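Shown next, in structure tokens, is the structure this report addresses.
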Amino acid sequence: MNNTASTNMSKLSKAQTLEFFRTRLTTASVLPQVVCSFEQWIEKRDIIVHQVLQQLSPPYVVRSSASDEDKHDQSMAGAYLSLLNVDAISDSLIKSVDEVFRSYQRQHSADQVFIQPMLQQPDYAGVMFSQDPSTGAPYYVISVDQSGSTDSVTSGRDSEGSTYVVAHQSVVSQIWLQQLIDLYKQLQPYYPDTALDIEFAIKDNIVYLFQVRPLKTRSLRDLPVTAYQLEQRCIYKKLHRLTQRHPYLLGATGLYGVMPDWNPAEIIGIKPKPLALSLYKELITDHIWAVQRFNYGYRDLRGFPLLLVLGGTPYIDIRVSFNSFVPSTLDTGLAERLVNFYLNKLKQQPHLHDKVEFQVVYSCYSFDLQERLNELLDAGFSPTDLQQISSSLLALTNSIIADQSGVWQSDLKSIESLQQRQERILNSDLNKLDKIYWLLEDCKRYGTLAFAGLARAGFIAVQLLNSMKGYGLLSETEHKQFLLSLNTVSSELVHDHEKLDRSSFLNKYGHLRPGTYDILSARYDEAPELYFSSAQSGECSQNSSREFSISLSRLNSLNQALQQAGFQVDAIALFNFIKKAIEAREYSKFVFTKSLSDTLVCIEQLGLQLGFTKTELAYTDIKDVLKLHSTTLSAQETLRSSIQLGKDYHALCQWIKLPVLITDPTEAGCFQMLPGEPNFITNLSVIASCCEADPYADLSGKIVFIEAADPGYDWLFSKHIAALVTQYGGCNSHMAIRAAELGIPAVIGAGERLYNCWKQATVLQLDCHSKKVAVIQ
Numbered sequence: 037m038n039n040t041a042s043t044n045m046s047k048l049s050k051a052q053t054l055e056f057f058r059t060r061l062t063t064a065s066v067l068p069q070v071v072c073s074f075e076q077w078i079e080k081r082d083i084i085v086h087q088v089l090q091q092l093s094p095p096y097v098v099r100s101s102a103s104d105e106d107k108h109d110q111s112m113a114g115a116y117l118s119l120l121n122v123d124a125i126s127d128s129l130i131k132s133v134d135e136v137f138r139s140y141q142r143q144h145s146a147d148q149v150f151i152q153p154m155l156q157q158p159d160y161a162g163v164m165f166s167q168d169p170s171t172g173a174p175y176y177v178i179s180v181d182q183s184g185s186t187d188s189v190t191s192g193r194d195s196e197g198s199t200y201v202v203a204h205q206s207v208v209s210q211i212w213l214q215q216l217i218d219l220y221k222q223l224q225p226y227y228p229d230t231a232l233d234i235e236f237a238i239k240d241n242i243v244y245l246f247q248v249r250p251l252k253t254r255s256l257r258d259l260p261v262t263a264y265q266l267e268q269r270c271i272y273k274k275l276h277r278l279t280q281r282h283p284y285l286l287g288a289t290g291l292y293g294v295m296p297d298w299n300p301a302e303i304i305g306i307k308p309k310p311l312a313l314s315l316y317k318e319l320i321t322d323h324i325w326a327v328q329r330f331n332y333g334y335r336d337l338r339g340f341p342l343l344l345v346l347g348g349t350p351y352i353d354i355r356v357s358f359n360s361f362v363p364s365t366l367d368t369g370l371a372e373r374l375v376n377f378y379l380n381k382l383k384q385q386p387h388l389h390d391k392v393e394f395q396v397v398y399s400c401y402s403f404d405l406q407e408r409l410n411e412l413l414d415a416g417f418s419p420t421d422l423q424q425i426s427s428s429l430l431a432l433t434n435s436i437i438a439d440q441s442g443v444w445q446s447d448l449k450s451i452e453s454l455q456q457r458q459e460r461i462l463n464s465d466l467n468k469l470d471k472i473y474w475l476l477e478d479c480k481r482y483g484t485l486a487f488a489g490l491a492r493a494g495f496i497a498v499q500l501l502n503s504m505k506g507y508g509l510l511s512e513t514e515h516k517q518f519l520l521s522l523n524t525v526s527s528e529l530v531h532d533h534e535k536l537d538r539s540s541f542l543n544k545y546g547h548l549r550p551g552t553y554d555i556l557s558a559r560y561d562e563a564p565e566l567y568f569s570s571a572q573s574g575e576c577s578q579n580s581s582r583e584f585s586i587s588l589s590r591l592n593s594l595n596q597a598l599q600q601a602g603f604q605v606d607a608i609a610l611f612n613f614i615k616k617a618i619e620a621r622e623y624s625k626f627v628f629t630k631s632l633s634d635t636l637v638c639i640e641q642l643g644l645q646l647g648f649t650k651t652e653l654a655y656t657d658i659k660d661v662l663k664l665h666s667t668t669l670s671a672q673e674t675l676r677s678s679i680q681l682g683k684d685y686h687a688l689c690q691w692i693k694l695p696v697l698i699t700d701p702t703e704a705g706c707f708q709m710l711p712g713e714p715n716f717i718t719n720l721s722v723i724a725s726c727c728e729a730d731p732y733a734d735l736s737g738k739i740v741f742i743e744a745a746d747p748g749y750d751w752l753f754s755k756h757i758a759a760l761v762t763q764y765g766g767c768n769s770h771m772a773i774r775a776a777e778l779g780i781p782a783v784i785g786a787g788e789r790l791y792n793c794w795k796q797a798t799v800l801q802l803d804c805h806s807k808k809v810a811v812i813q
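Basically the working numbering = 1-based index in the sequence shown + 36.
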């Protein structure tokens with residue numbers, strides 16, 4: 037500890053830091069090195085090259101050690117060049133060292149380059165952060181590559197790498213993880229009150245330290261330790277309790293995810309504020325979802341909330357969800373085995389967590405169902421079991437798609453009733469509290485209940501349509517043509533924006549807001565200039581034909597296939613159902629969100645009367661607002677208390693880091709992130725236009741898209757960009773570190789699907805605080 041106290045690590049260069057630790061570490065090794073300053077290189081390059089060739093084993097790595105690297109205020113991570121696998125040839129060494137020095141913005145005499153032997157084919161290589169880089173939360177965040185590469189993690193290239201998150205107090209079972217934690221604990225005293233960024237490799241159970249530097253992040257001194265530890269214990273205990281058997285549920289254990297079934301991660305975000313979260317629960321996931329699923333012929337899950345909150349993150353109870361996709365007519369014993377099959381499949385293939393209804397469960401009959409069911413044979417199900425499952429799904433699907441008596445028809449009538457009731461409430465003399473209560477009551481009874489049903493019908497419609505194409509009953513062209521024939525709210529909005537004047541347009545669509553449940557998300561009629569381009573209204577563009585036609589022979593083939601499968605509708609009736617169901621799903625959402633949006637306006641107006649800002653109201657719980665309707669509690673004191681409680685808990689939850697899919701209670705403290713899981717850098721939010729990286733374009737104030745989190749794009753940070761989105765890369769990449777240091781919101785490693793979706797937008801809202809991205813235009 038004497039060395040610790042007497043050494044100011046901030047004064048050492050990268051090379052000097054490694055040399056300092058070479059004889060002091062017992063938990064890791066440091067490779068030998070030859071170091072030279074820029075001045076020494078100019079004067080003695082031949083001597084230095086000879087020294088390298090004599091003292092170090094080839095091949096070599098030539099690394100930067102500039103005077104402005106690895107400082108407390110900025111790391112310059114990835115800004116300068118390092119070259120791998122340099123041959124033991126004088127010319128190769130000279131060329132490589134020259135290249136590294138040239139990568140410095142300006143060469144100073146104190147700038148250094150150092151050469152080390154290249155560690156070949158390590159078992160693990162990567163980066164470890166001692167705290168979460170965006171929040172400063174007490175987690176080790178370790179990104180590692182096991183492919184033999186030593187720089188894929190920091191370079192942000194696509195690889196087979198993995199990221200592990202370990203709470204500081206957790207016990208780990210993998211030896212290599214414990215080795216890294218032991219290394220950090222030995223390094224930490226030399227960097228008091230500072231988070232660390234450690235580059236490492238492990239080969240033959242020996243840890244090699246490549247680099248250690250301060251990581252700019254929030255201090256752990258801000259951590260409310262007692263509250264944090266209590267919340268961690270509560271999460272573990274709750275998970276342990278909820279994963280046990282339940283007498284009214286099928287399935288041996290529980291799983292929890294942020295993406296399956298009603299997808300809270302996409303709708304309200306990973307860390308939503310209390311008002312948005314409580315509204316989502318009130319309107320859909322507490323009760324409504326189960327009532328309507330039962331109405332559509334599935335098992336009765338009434339009484340089971342679909343969503344639970346762990347550390348401020350909304351999770352779907354996947355076991356409950358899987359139960360709700362089982363037809364009510366299926367034998368209980370077979371249904372139990374089926375639910376356990378679903379649970380086991382998702383545990384074994386966690387990457388399916390965001391596509392469970394397409395690739396895990398069987399929730400309706402489709403033309404490809406028999407082929408899909410064949411996987412059950414390998415899991416011990418009999419042909420008779422498969423026939424029972426198929427028959428129950430066919431009966432359920434027939435009852436839904438029936439031409440005149442389908443249950444979705446009554447849901448459509450409910451939605452039409454809601455529109456009339458909205459106007460009656462808004463135009464009434466009721467006070468703000470009463471309007472809030474009745475807008476939400478009507479929204480549940482006539483809006484979200486109907487939407488839950490129409491969304492189910494819409495999903496079945498899409499499944500049938502896609503299976504028709506996959507089964508060869510529709511061509512690719514016919515499939516596209518049918519989709520183009522749909523008259524949805526989205527297509528009407530585009531058409532009306534061109535045809536209607538501004539006032540008429542906003543009167544129809546003004547209630548919409550990108551963050552449907554978020555009071556802080558401006559409505560269209562509150563900020564039309566934000567959401568719509570300057571294209572002139574009143575000039576209607578010419579639309580191409582959108583009619584769908586199909587040949588008589590194709591129609592006959594479809595009718596024959598429907599009859600053979602046991603459907604009780606013909607092809608014309610089926611196409612009518614598919615078209616109406618898909619259109620009704622969008623229409624019902626359009627209508628019910630008006631009730632929700634108007635409720636948020638009333639809450640804002642109520643808060644204004646009581647002295648609360650919209651920002652403060654985002655932290656209240658809707659149940660606290662609703663109880664004011666039926667009590668004589670002080671509205672001001674009730675809201676003040678609710679807001680303060682919401683603020684405190686939401687602030688605490690920013691320190692809590694959890695996986696997107698929980699398969700075991702221990703994952704509350706130690707888990708591996710799933711591939712393609714976006715990494716949100718900083719806690720900032722921005723709304724801006726989007727573009728791809730172009731060094732010759734004006735990128736100022738833009739959200740810039742690049743494929744990989746490559747340090748070669750460091751020039752972007754001089755362009756005053758608003759935010760950064762990459763398809764590949766992790767939170768430990770150099771670009772992620774630089775974005776955090778410079779306070780630039782970023783999504784690093786969005787994955788192919790989200791990256792391509794967001795890149796097509798004109799304007800995005802990137803909210804790193806709630807971990808949510810919304811398309812504005």
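C-beta atoms are modelled at their ideal positions from N, C-alpha and C, and glycine is treated no differently. Predicted model only: the values in this text are computed from it and were never measured.
Scanning Leu278, Leu92, Glu79 and Ile83 for the CA closest to the CA of Ile698 turns up Leu278.
By the CB criterion at 8 Å, Leu311 and Thr656 fall inside the cutoff.
DSSP, read as helix, strand or coil, puts Asp465 in coil. Pairing Tyr226 with Ser255, the inter-Cα distance amounts to about 16 Å. The DSSP assignment places complete alpha helix (DSSP H) segments of no fewer than 4 residues inside the segment 266 to 322 at 300 to 303 and 310 to 316, in order along the chain. About 6 Å separates the beta carbon of Ile271 from that of Gly347, a gap short enough to meet the 8 Å contact definition. For the pair Gln672 and Trp474, the Cα-to-Cα distance works out to about 20 Å. Per the C-alpha coordinates, the member of Gln423, Ser139 and Glu267 positioned closest to Ala601 is Gln423. Taking every protein chain shown into account, the CB of Lys391 has fewer than 16 other CB atoms within 10 angstroms, so this residue is exposed. For Glu318, the closest alpha carbon among the candidates Thr635, Met709 and Arg549 is that of Thr635. Boundaries of the beta strand (DSSP E) harbouring Tyr351: Thr349 to Asp353, taken from the DSSP string. The alpha-carbon separation between Arg582 and Arg789 amounts to approximately 27 Å. Of the residues assessed, Asp447 falls on the buried side of the cut-off, its CB having 16 or more other CB atoms within 10 angstroms. Taken through DSSP and simplified to helix, strand or coil, Phe613 comes out as helix. Contact between Ile306 and Tyr316 is ruled out by a C-beta separation of about 13 Å, above the 8 Å threshold.
Beta bridge pairing from DSSP links Cys72 with Val149. In the structure shown, Val163 adopts extended strand secondary structure according to DSSP, grouped into three states. Look at Lys239 here: in three-state DSSP terms it is strand. Within the model, the alpha-carbon separation for Thr230 versus His515 is close to 58 Å. Setting aside the 5 residues that flank it on each side, Gln167 is surrounded in the same chain by Ala231 and Thr253, each with a C-beta closer than 6 Å to its C-beta; the list follows chain order. Sequence-distant partners of Val627 (beyond 5 residues in either direction) whose C-beta falls short of 7 Å from its own C-beta, in its chain, are Ile451, Leu454, Gln455 and Gly483.
In this structure, the CA atom of Asp700 is about 23 Å from the CA atom of Lys807. Rounded to whole angstroms, Ser145 and Glu75 show a C-alpha spacing of 5 Å. Segment contact: the segment 433 to 447 against the segment 370 to 382, fewer than three CB-CB distances shorter than 8 Å; contact not assigned. Taken through DSSP and simplified to helix, strand or coil, Phe340 comes out as coil. Distance from the CA atom of Leu405 to the CA atom of Met504, rounded to whole angstroms, is 11 Å. Counting the other CB atoms within 10 Å of its CB gives Leu664 a total of 16 or more, which places it among the buried residues.
Straight-line measurement puts the Cα of Phe150 at about 11 Å from the Cα of Leu129. Below 8 Å, enough C-beta pairs join the segment 235 to 254 and the segment 210 to 221 to call them touching: three or more. For Thr798, there is no enclosing beta strand (DSSP E), as DSSP marks it with neither H nor E. Residue pairing by DSSP places Ile739 opposite Cys726 and Ala759 in a beta bridge. When secondary structure is reduced to three states using DSSP, Thr199 falls in the strand class. Rounded to whole angstroms, the separation of the alpha carbons of Arg492 and Leu501 is 14 Å.
Listed in chain order, the non-local C-beta contacts of Gly647 below 8 Å within the same chain comprise Gln672, local neighbours out to five positions each way being set aside. For secondary structure counted as the alpha helix (DSSP H) over 4 or more consecutive residues, the segment 400 to 440 holds these complete runs in sequence order: 405 to 409 and 419 to 437. Tyr378 is the residue among Met709, Gly442 and Tyr378 whose C-alpha sits nearest the C-alpha of Phe417.
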